[in-house]
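Protein chains in written order, with numbering that gives the first Met the number 0: chain A, 0 to 389; chain B, 0 to 223. Cβ coordinates follow ideal geometry from the N, Cα and C atoms, glycine included. What follows is a set of notes on a single structure, which appears directly below.
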Amino acid sequence: MIRLGRKHLFEDLPRFFASLGGIVFAVQLVVVQLGIFFGFVHSSSLLIQESRADFWAAAKEMQYLEITLPVPYSWIAKARAVTGVAEVQPIIIRSIVFENSNGALDYGRVVGFDPAGSLVHLDDHPVGDLREIAKPGAFAADAGQLSSLGVSGIGAEGTIRTKKAHLVALVHDTQPIISPTFLYTSLRNAVLWSPAMIDEFVRDPFTSSFDINSPLNFVLVKAKPGVDLVALRGALERALPNSRVLTKAEMIDVTQRFWVKRTNVGFILGLCAALGILVGMVVVAQILYTSVNEHIREYGTLKALGIPDRLLYASIIWQAVVMGLIGFIPGLLLGLAVAGYAQNARGIAIEITLPITLEVLGLSIAMCVVAAVFAVRRAMTIDPMIVFKA
Amino acid sequence: MNEPRAVIGDSIVMTYPSAAGPVHVLRGANIHADRGEIVLVDGPSGSGKTTLLSILGGILTPASGRVTIEGTDVTRMPRRERACLRLARLGFVFQGFNLLRALTARENIELPLQALGIRRAERLKMIDALLERLGLADKGARRPAQLSGGEQQRVAIARALAGGPVVVLADEPTASLDRENGAEVMKLLCELARERETSVLIASHDQRIAPFADRIVSLVDGRC
Ligand SMILES: Nc1ncnc2c1ncn2[C@@H]1O[C@H](COP(=O)(O)OP(=O)(O)O)[C@@H](O)[C@H]1O
Ligand SMILES: [Mg+2]
């Protein structure tokens, strides 16, 4: 019956290629949409992923990397005092407005950390010297953000809150796709460019534990080797009042979930992918259905001879699976080509990994099999009495 | 007479609905064939021969009456079991040949054998023997479109006989063939059936078939 399926599948090549066209269209759309989705999600947490910290401690109100309340500077000392802690380094993340030399503005996030410390890690191969961000008014940015900042490259100058700022290094693959431009600098520069506002801390003047000495946003903690991380997390939470201590993996998860939920990106891209699948399915369904319609007499003959129905249906499903398999390959290639174009020409990070690829393969086959249901249903209704008609 | 008859149709009644009221095609038809017996069901066009054959073959369910194949009651069997029985114990030859056009002659004959689960080596041997016997030894690789009508019907006969059926049901097997080819096809079908002790029930209004039959049954007014 596989043989019959094969012959039916390939006997009308133009039709076969038409169905492949539908599958290729659907697969490439799914590949690109999924690639954009994962690229987007992944990019939102690059700073966390690249960090060398075991824990990220923040105010308990923390929503994700870029929305949190300040925590007191005293947390550094408190965290250092916890047994099992190897290293503690703070991060400041604040909003700024960058004005380039022509007066054009860009919205940014200043990310302040200790350039001499090891817990924040940006790029092994930066352009320029990353350590220079320790100098007054110096910062680094992602190489992909030059046009957003309106600057031409290293050495460019601008202003942040009336203070001079100049670009000393460029890093790669650090910038979240839809966040404001990240400006990496020292803690000191960060505080200078974005001093804490009083009302940012004093939400409740009677109970707030925050005060003007609270310039930090995150405290990164690295454990000593072999330390029980569960116990250490508990100890940190006890040592840091009103804190939320997340493992690196949790912090990544929280941040990615925030973006997925906030932007509905999954829904939007999923909708595009679903439409692609729908189109592919309609094409495949129509073609398999037509094929069954063209072989009504033959299917009727098989039924009359007593060939089990399940073999008949298996031959149709087999055709669907083969279509899904064959169509997947050019679909994937086209998807990769489109992704490559988007990445190179437009700087849109697209992430197509092996698991995604395999998922799409499964989806492609599933799409074709579901599409085959219509053809199978048509085959079910064929009356074997047709064989007696001359 | 310990052995049950190859096929028995007992008091078969069949009515088709139509715009002008029900059409009573069979009104209690009785028919049988013993092992190896060749029976011709004779009757004018529209007398219900095809209807009778399809009921005997378990393709159509009669309004009432009983069909047994080697003593097994077919009429009350579930659809799937009837298909199983057709595959294992019945063979069919049609007026329109009904070969699968995408498959070669060999592959057409192989189809039911494969569905019966017969091993490949054995299948090929059986097919070779049949092709040889039917004068198609050099045409096994051809598709139906590359065969004459007579040759196609001979392939269909091979397909019908390949699984070693108890009964072959042949509906107007010569109606699409010229005199010469019709005679050739009938001769081969009857010879092979006799060799294998397979019964053949032929529905036809072609008078030239009569000499091949052991017995002729006339279907008149829905009865025989
Ligand atoms: N599906 C059907 N619906 C209604 N009438 C039918 C149907 N099939 C056959 N008939 C009628 O039943 C009668 C017998 O048909 P058939 O068995 O094909 O006769 P034969 O094979 O002897 O020519 C004819 O009058 C035909 O028109
Ligand atoms: Mg007829």
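Is any beta-carbon of chain B found at less than 9 Å from that of A:Val386?
Along the first sequence, read from residue 1 onward, the residue named residue 386 of chain A stands at position 387. A:Val386 counts as touching chain B.
Between B:Leu160 and B:Thr197, how many whole angstroms is the CB-CB distance? I'm expecting something under 8 Å.
As a first step, residue 160 of chain B is located in the second sequence; it is residue number 161 there, counting from the start. As a first step, residue 197 of chain B is located in the second sequence; it is residue number 198 there, counting from the start. Between B:Thr197 and B:Leu160 the Cβ distance is about 7 Å, and since that is below 8 Å, they are a contact.
Kindly examine ligand 1 and report whether one of its heavy atoms sits closer than 8 Å to the Cβ of B:Asp205.
Mapped onto the second sequence, residue 205 of chain B falls at position 206. No - ligand 1 has no heavy atom lying nearer than 8 Å to the Cβ of B:Asp205.
For A:Gly149, name the three-state secondary structure that DSSP assigns.
Along the first sequence, one-based indexing puts residue 149 of chain A at 150. Coil at A:Gly149, not helix or strand.
Close Cβ partners of B:Asp33 (< 7 Å) along its chain, the five nearest in sequence each way excluded:
Taking the second sequence and counting its residues from 1, the one referred to as residue 33 of chain B is at position 34. These residues qualify, in order along the chain: Arg4, Ala5, Ser198.
Under 9 Å between C-beta atoms of A:Lys223 and A:Val87:
Mapped onto the first sequence, residue 223 of chain A falls at position 224. Mapped onto the first sequence, residue 87 of chain A falls at position 88. Cβ distance not < 9 Å, so A:Lys223 and A:Val87 don't count as in contact.
Examine ligand 2 and report whether any of its heavy atoms sits within less than 8 Å of the Cβ of B:Lys48.
In the second sequence, the residue the question calls residue 48 of chain B occupies position 49. True, at least one ligand heavy atom lies under 8 Å from that Cβ.
Would you call the segment 164-178 of chain A and the segment 124-137 of chain A in contact, with 3 or more CB pairs under 8 Å?
yes
Could you pull the DSSP bridge partners for A:Asn99 from this structure?
For the purposes of this step, residue 99 of chain A is taken as the residue at position 100 of the first sequence. Answer by DSSP bridge pairing, in chain order: A:Gly157.
Could you tell me which chain A residues have their CB closer than 7 Å to the CB of B:Cys223, listed as they occur along the chain?
The residue given as residue 223 of chain B occupies position 224 in the second sequence. Going along chain A, no residue has its Cβ under 7 Å from B:Cys223, so there is no contact; the nearest lies around 18 Å.
Under a Cβ-count criterion, where at least 16 other Cβ atoms within 10 Å of its own Cβ denotes burial, should A:Glu376 be classed as buried or exposed?
In the first sequence, counting from the first residue as 1, residue 376 of chain A sits at position 377. According to the sequence shown, residue 376 of chain A is Arg rather than Glu. Looking at its Cβ environment, which holds fewer than 16 other Cβ atoms inside 10 Å, A:Arg376 is exposed.
Based on Cα-Cα distance, which residue from A:Ile92, A:Val259, A:Pro194 lies nearest to A:Ile35?
As a position in the first sequence, residue 35 of chain A is number 36, starting the count at 1. Residue A:Val259 is the option with its Cα nearest to A:Ile35.
Please classify A:Gly136: does DSSP put it in a helix, a strand, or coil?
Along the first sequence, read from residue 1 onward, the residue named residue 136 of chain A stands at position 137. If DSSP states are grouped into helix, strand and coil, A:Gly136 belongs with coil.
Sort B:Leu51, B:Val40, B:Gly57, B:Phe96 by Cα distance to B:Val24 and report the nearest one.
The count along the second sequence starts at 1 and reaches residue 24 of chain B at position 25. If we check each option's Cα against that of B:Val24, B:Leu51 comes out closest.
Mind checking if B:Ala174 is an interface residue toward chain A, Cβ cutoff 9 Å exclusive?
Along the second sequence, one-based indexing puts residue 174 of chain B at 175. Interface residue, yes.
Near ligand 2: B:Asp170 beta-carbon under 8 Å from a heavy atom:
Sequence index remark: in the second sequence, residue 170 of chain B carries index 171 (1-based). Yes, the Cβ of B:Asp170 comes within 8 Å of a heavy atom of ligand 2.
Alpha helix (DSSP H) segment containing B:Asp127, residue limits
As a first step, residue 127 of chain B is located in the second sequence; it is residue number 128 there, counting from the start. Start and end: 119-132.
B:Ser44: beta carbon under 8 Å from a heavy atom of ligand 2?
On the second sequence, position 45 is the one that residue 44 of chain B refers to. Yes - ligand 2 has a heavy atom lying nearer than 8 Å to the Cβ of B:Ser44.
Bounding residues of the beta strand (DSSP E) (the contiguous stretch that carries B:Ala202)
Reading the second sequence from its first residue, position 203 is the one you call residue 202 of chain B. It spans 198-202 - the beta strand (DSSP E) in which B:Ala202 sits, taken as one unbroken run.
Let me see if you follow: with CB-CB separation under 9 Å, is B:Arg81 close to chain A or not?
For this step, residue 81 of chain B is matched to residue 82 along the second sequence. Chain A contact via Cβ: present.
Classify A:Lys163 as helix, strand or coil using the three-state DSSP reduction.
Along the first sequence, read from residue 1 onward, the residue named residue 163 of chain A stands at position 164. Note: A:Lys163 maps to strand in three-state DSSP.
What residue does the alpha helix (DSSP H) around A:Lys388 start on, and which one ends it?
Working through the first sequence from its first residue, we reach residue 388 of chain A at position 389. Unbroken run through A:Lys388: none, as it is neither H nor E.
For A:Asn216 and A:Val23, which I take to be in contact (beta-carbon distance under 8 Å), what is that distance rounded to the nearest angstrom?
Counting from 1 along the first sequence, the entry for residue 216 of chain A is found at position 217. Counting from 1 along the first sequence, the entry for residue 23 of chain A is found at position 24. The pair is not a contact, with the Cβ atoms about 47 Å apart (cut-off 8 Å).
Step through the CB atoms of chain B and report whether any lies within less than 9 Å of the CB of A:Ala389.
The residue labelled residue 389 of chain A in the question sits at position 390 within the first sequence. Output row for A:Ala389: interface = yes.
Among A:Ala248, A:Ala370, A:Ala348, A:Leu324, which has the Cα closest to the Cα of A:Gln32?
Taking the first residue of the first sequence as position 1, residue 32 of chain A is located at position 33. When only C-alpha atoms are compared, the closest one is A:Ala348.
Less than 8 Å between the CB atoms is what I'm expecting for A:His124 and A:Ala142, so what's the real figure, rounded?
Here residue 124 of chain A is taken as the residue at index 125 of the first sequence, counted from 1. Here residue 142 of chain A is taken as the residue at index 143 of the first sequence, counted from 1. Contact flag wrong, Cβ pair sits at about 11 Å.
Can you name, in chain order, every residue of its own chain whose Cβ lies under 6 Å from the Cβ of A:Ser193, other than the five neighbours on each side?
Start at 1 with the first residue of the first sequence, and residue 193 of chain A comes out as number 194. Result list for A:Ser193: Arg93, Ile95, Val109, in chain order.
Whole angstroms is fine: what's the gap from B:Asp213's alpha carbon to B:Gly35's?
For this step, residue 213 of chain B is matched to residue 214 along the second sequence. For this step, residue 35 of chain B is matched to residue 36 along the second sequence. Going by the C-alpha atoms only, they are around 10 Å apart.
Can A:Ala313 and A:Ala370 be called in contact, C-beta distance under 9 Å?
As a working mapping, residue 313 of chain A is identified with position 314 in the first sequence. As a working mapping, residue 370 of chain A is identified with position 371 in the first sequence. Their beta carbons are not under 9 Å apart, which means A:Ala313 does not touch A:Ala370 by this criterion.
So, are the CB atoms of A:Ala378 and A:Val321 less than 9 Å apart?
Counting from 1 along the first sequence, the entry for residue 378 of chain A is found at position 379. Counting from 1 along the first sequence, the entry for residue 321 of chain A is found at position 322. Not closer than 9 Å, so no.
Residue burial classification, B:Gly45 (beta-carbon count within 10 angstroms, cutoff 16)
One-based indexing of the second sequence puts residue 45 of chain B at position 46. With fewer than 16 Cβ atoms within 10 Å of its Cβ, B:Gly45 is classed as exposed.
If we cut at 9 Å on Cβ distances, does B:Leu52 have a partner in chain A?
Taking the first residue of the second sequence as 1, we reach residue 52 of chain B at position 53. Yes, contact with chain A.
Status (buried if at least 16 other CB within 10 Å, exposed otherwise) for B:Gly149:
Numbered from 1 along the second sequence, position 150 holds the residue referred to as residue 149 of chain B. Looking at its Cβ environment, which holds 16 or more other Cβ atoms inside 10 Å, B:Gly149 is buried.
B:Leu39, buried or exposed, once every other Cβ within 10 Å from all chains shown has been counted against 16:
Here residue 39 of chain B refers to the residue found at position 40 when the second sequence is read from its first residue. So B:Leu39 ends up on the buried side.
Within 8 Å of chain A by C-beta, residues of the segment 197-211 of chain B in sequence order:
none
How would you label B:Ile239, buried or exposed, when you count the other beta carbons within 10 angstroms and need 16 or more for buried?
Residue 239 of chain B lies beyond the residue range present for chain B, which begins at 0 and ends at 223; the question has no answer from this structure.
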